[in-house]
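Peer 1:
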Amino acid sequence: MQNPNGTILQLYHAGRLAAALRAFESLPSSSPASAAAAPAPLTAATYAALVSACSRLRSLPQGRRVHRHLVASSSSSPDAQLAGNTVLGNHLITMYGRCAAPDSARQVFDEMPARNPVSWASVIAAHVQNGRAGDALGLFSSMLWSGTAADQFALGSAVRACTELGDVGTGRQVHAHALKSERGSDLIVQNALVTMYSKNGLVDDGFMLFERIKDKDLISWGSIIAGFAQQGFEMEALQVFREMIVEGSHHPNEFHFGSAFRACGAVGSWEYGEQIHGLSIKYRLDRDLYAGCSLSDMYARCKNLDSARVAFYRIEAPDLVSWNSIVNAYSVEGLLSEALVLFSEMRDSGLRPDGITVRGLLCACVGRDALYHGRLIHSYLVKLGLDGDVSVCNSLLSMYARCSDLPSAMDVFHEIKDQDVVTWNSILTACAQHNHPEEVLKLFSLLNKSEPSLDRISLNNVLSASAELGYFEMVKQVHAYAFKAGLVDDRMLSNTLIDTYAKCGSLDDAMRLFEIMGNNRDVFSWSSLIVGYAQFGYAKEALDLFSRMRSLGIRPNHVTFIGVLTACSRVGFVNEGCYYYSIMEPEYGIVPTREHCSCIVDLLARAGKLTEAANFIDQMPFEPDIIMWKTLLAASKMHNDMEMGKRAAEGILNIDPSHSAAYVLLCNIYAASGNWNEFARLKKAMRTSGVKKSPGKSWVKLKGELKVFIVEDRSHPESEEIYAMLELIGMEMIKAGYVPKHSWKHAIVDHIDSDLFNEEMLAEYG
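In structure tokens form, the structure reads like this:
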């Protein structure tokens, strides 16, 4: 090559960057081994073009070769001391920054004999571009201390570093420095500041600064539109996008359309989305990867999956992110078959699924019918080597829980090596939802041997299980754990603790925590304590709390009134209860629900006003449920009203023909009134229908272990000793004067029709 400088520069200026680098590679001295022996006579301009080509092509290996050649050629080049040339050094710093090698950029910067503002701006930008925002701010500070004036590029990079760190305080200081140095009106700095304020929740400040920009460019418009869309101001984002179109100075690019589509999707505005879709077609951006993916996602968020799929298929070269987005759109809607078809197409396109793909598919597996596919996905992710990814394993655990396969969920949980708080939340929630409170408490006990700390979601699950079992000691442990973990000031957790203490009967602890909360109390705090007092018969305390709550101007909610009505019911305050019921809607806008109506039925029935209770049920705006009929049935037994009891039992059995409690309570009413023939007939109907009374169940903690007992259960290893002790206790009760309420066997023998009862039934009920 006669004139390598001319050839390389000509190719570079023609935009043939790869060809320019090939021309360099063809030089006999392009090899580092031969560079010292016969250096190519390249000028500083040629080296600058080569470094710039590597920078634009993001080719780090070629950039390092050019750099080595530059150093080796420095001493013998016509352009002496090329390696110490400040302009070339700045080009090298920029190249290393764009090629994701910030350490090499810093090394070049540190070795430069002379630096100018461009050198500082380049090295700061190299660190910001590669996630080294903290180091970038350190360099910016050093620049100011050195006495070098920051130009618009250094200031812009410093502001971007503050944006990445979420450090608005330092960002304001940089802003002030820009104004002081008369760089505050520079467009690069202004755009960076708009982005910083908008992304960090100060959208008003960002918009104020945006409006002051005289000559807005595409970045200005894009920054504020994206800021509004990301911070939940979707309609404002769409309004600014519209202003940009109307203003007409700039044509929107794929990023503007992406932000606009995201805003439409967030507010579910299909109509706006379709209009902007038409505009994107006009600018030929609907097939762009970024804009097209956002468009598809917008339609998916608006529940229009057909349009989402059409938009996706129009993308010219969808990448893994695009495929994951459309697969996840169908998965979120529970359309497993369609999601699997898309997943198959993605694999056929040559893309390798990642953890996001698999998590999306697992999300679609809900119910026992989906368990088969869930297991197939499990096998596939193991094949991909994703079984070591804790986020994937957490999704797998949740999938098995949703598909009602708790044993498999437990297996996955125990196989996860690096369990995090999401893992614990998932397994505790699974156990709670599948009515295994004992497992929840056992898992919580294991926490002492595990590293991850639980959050309020996990602790709420443990408290829920403790409340169901009445396990007071566990509630104290959770409270202590919350205090140790710094969660004791969390209002939601404190409210749950109050509720659980109350459900376990420890009203003193509930009240103590309630008072400690002070100004942190909300309506849920008050309601939990009122309901707790009411359920345990402390009506005066419950109603006093309600009066105190109203005097402080705290508006009650529907749960508060359930507690108030329950309190009135427990002590027979019929007039007061009816009064509170009557003011719910007029004064507080709370429409009575079935729960409130059940409280009124209970209030009237307990007071012996069975006819009024039945009339109240008849005039309700909705159908009565089992709880109301059971309340009326129990009261009928208490007041020996056989006709009302029969009506209540029929109401229950119309809803649930196999409801054993209705049969049992009605039998008790017949027995208490001496109607033995009806008693026997009902018992025979139960036997014929296969209805059995659900056995009672209780728990007790003994020597640190939870023991479960079921009525007439003989499976316990110490059942003989247990029943012997029960027999002994029964004898002691009789000696102390206890007399059973009814002698069923003798009463039945004396009064019933023998055709209705046989000896086997007498043996069962005698």
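When the letters of the sequence shown are read in order and numbered with full-length UniProt numbering, they come out as residues 1 to 766. Beta carbons: idealized from backbone N, C-alpha and C, even for Gly.
1. How would you call HIS414, buried or exposed, if buried means at least 16 neighbouring beta carbons within 10 angstroms?
2. Roughly how many angstroms separate the alpha carbons of TRP424 and LEU454, rounded to a whole number?
3. Just confirm the distance between the C-beta atoms of ARG98 and ARG58, as a whole number of angstroms; I'd bet it's less than 8 Å.
4. For a test of the three-state rule: what should DSSP assign to GLY265, helix, strand or coil?
5. Hey, quick one: how far does the alpha helix (DSSP H) through PRO102 stretch, first residue to last?
6. Just list the alpha helix (DSSP H) runs in the segment 312 to 390, keeping only unbroken ones of 4 residues or longer that don't cross its boundaries, in chain order.
7. Pop quiz: SER181 and ALA150 are said to be a contact at Cβ under 8 Å. What is the actual Cβ separation, rounded to whole angstroms?
8. Starting from CYS162, follow the alpha helix (DSSP H) in both directions and report where the run begins and ends.
9. Going by the CB atoms, is the gap between ALA48 and THR86 shorter than 9 Å?
10. Would you mind giving the Cβ-Cβ distance between LEU42 and HIS67, rounded to the nearest angstrom? I have them listed as a contact below 8 Å.
11. With the cut-off set at 9 Å, would you say ASN460 and ARG491 are in Cβ contact?
12. Between which two residues does the alpha helix (DSSP H) containing GLU585 stretch?
13. Take ALA339 as the anchor and find which of GLU316, HIS373, GLU720 has the nearest alpha-carbon.
14. Please go through the segment 10 to 69 and give each complete alpha helix (DSSP H) segment of 4 or more residues, from N-terminal end onward.
15. Distance check for ASP110 and THR170, CA to CA, integer angstroms please.
16. Drop a sphere of 10 angstroms on the beta-carbon of VAL71, count the other beta-carbons inside from all chains shown, and report buried for 16 or more, exposed for fewer.
17. Which stretch, first to last residue, makes up the alpha helix (DSSP H) that contains TYR481?
18. Once the 5 residues before and after SER322 are set aside, which same chain residues still bring their CB inside 8 Å of it?
19. Alpha helix (DSSP H) containing MET638: first to last residue?
20. List the endpoints of the continuous alpha helix (DSSP H) containing GLY89.
21. Indicate the three-state DSSP secondary structure (helix, strand or coil) for HIS434 in the structure shown.
22. To the nearest angstrom, how far is the alpha carbon of residue 780 from that of ILE655?
23. For THR148, report the span of its alpha helix (DSSP H) as first-last.
24. Nearest to CYS597 by CA position, among GLU587, PRO586, LEU632, GLY608, is which residue?
25. Consult DSSP for CYS393 and reduce its assignment to one of helix, strand or coil.
26. By a C-beta neighbour count over all protein chains shown, 10 Å radius and 16 as the cutoff for buried, is residue 767 buried or exposed?
27. Select from ARG132, GLY166, GLU164, VAL128 the residue whose C-alpha is nearest the C-alpha of ALA154.
28. Measuring CA to CA, which of MET725, ARG212, PHE261, PRO318 is closest to ASN191?
29. Which residue's Cα is closest to the Cα of SER74: ILE225, THR357, PRO61, LEU88?
30. What residue range does the alpha helix (DSSP H) around residue 846 cover?
31. Just verifying my parser: in three-state terms, what is the DSSP assignment at LYS745?
32. So, helix, strand or coil for GLN535, using DSSP?
33. Just checking my contact of ALA465 with ALA502 at CB under 8 Å: how many whole Å lie between their CB atoms?
34. Please name the residue in LEU50, MET346, MET511 whose C-alpha comes closest to that of PRO318.
35. Would you kindly check if the distance between the Cβ of ILE600 and the Cβ of PRO556 is under 9 Å?
36. Since MET517 and SER506 should fall inside the 8 Å C-beta cutoff, what is the C-beta to C-beta distance between them, to a whole number of angstroms?
Peer 2: The relevant details are as follows:
1. Residue burial is scored here from C-beta neighbours: HIS414 has fewer than 16 other C-beta atoms within 10 angstroms and is therefore classed as exposed.
2. Each residue's alpha carbon lies about 7 Å from the other.
3. The beta-carbon distance between ARG98 and ARG58, rounded to whole angstroms, is 6 Å. This is short enough to meet the 8 Å contact definition.
4. Three-state result, GLY265: helix.
5. From DSSP, the alpha helix (DSSP H) with PRO102 extends over 102 to 111.
6. As far as the segment 312 to 390 is concerned, its whole alpha helix (DSSP H) runs of at least 4 residues are 320 to 332, 336 to 348, 355 to 363, 371 to 383.
7. That pair is a contact at about 7 Å.
8. DSSP places CYS162 in the uninterrupted alpha helix (DSSP H) bounded by 152 to 165.
9. Contact annotation: THR86 and ALA48 have beta-carbon atoms that are not nearer than 9 Å.
10. A Cβ-Cβ separation of about 13 Å leaves LEU42 out of contact with HIS67 under the 8 Å criterion.
11. ARG491 is positioned such that its CB atom lies no closer than 9 Å to that of ASN460.
12. Segment 574 to 588, the alpha helix (DSSP H) holding GLU585.
13. Nearest option by C-alpha distance: HIS373.
14. Those alpha helix (DSSP H) runs which fall completely within the segment 10 to 69 and span 4+ residues are 17 to 25, 32 to 35, 44 to 57.
15. Those two C-alpha atoms are separated by around 25 Å.
16. By the 10 Å Cβ count, VAL71 comes out exposed.
17. Taken as a continuous stretch (DSSP letters only), the alpha helix (DSSP H) holding TYR481 covers 472 to 484.
18. Residues LEU289, GLY292, CYS293, SER296, PHE312, ILE315 of the same chain have their beta carbon placed closer than 8 Å to that of SER322, with the five preceding and five following residues left out of the count.
19. The continuous alpha helix (DSSP H) containing MET638 extends over residues 626 to 638.
20. Residues 86 to 98.
21. Secondary structure at HIS434: coil, using DSSP grouped into helix, strand and coil.
22. Not covered by the structure: residue 780. The range shown for the chain is 1 to 766.
23. No alpha helix (DSSP H) holds THR148; DSSP gives it neither H nor E.
24. Taking only the C-alpha atoms, the option nearest CYS597 is LEU632.
25. Reduced to three states, the DSSP call for CYS393 is helix.
26. The first residue shown for the chain is 1 and the last is 766, placing residue 767 beyond what the model contains.
27. Checked all of ARG132, GLY166, GLU164, VAL128; the closest Cα to ALA154 is VAL128.
28. Answer by Cα proximity: ARG212.
29. Among ILE225, THR357, PRO61, LEU88, the Cα nearest to that of SER74 is on LEU88.
30. Absent from the structure is residue 846, since the part of the chain shown begins at 1 and ends at 766.
31. The predicted model places LYS745 with a pLDDT of 42, which falls under 50 and marks its position as unreliable; any figure quoted below should be read in that light. Three-state DSSP puts LYS745 in a helix.
32. Correct three-state label for GLN535: helix.
33. So it is not a contact: roughly 16 Å between Cβ atoms.
34. Comparing Cα-Cα distances from PRO318 to each of LEU50, MET346, MET511, the minimum goes to MET346.
35. Cβ atoms of PRO556 and ILE600: not closer than 9 Å.
36. That belief does not hold up - the Cβ atoms of MET517 and SER506 are roughly 16 Å apart, past 8 Å.
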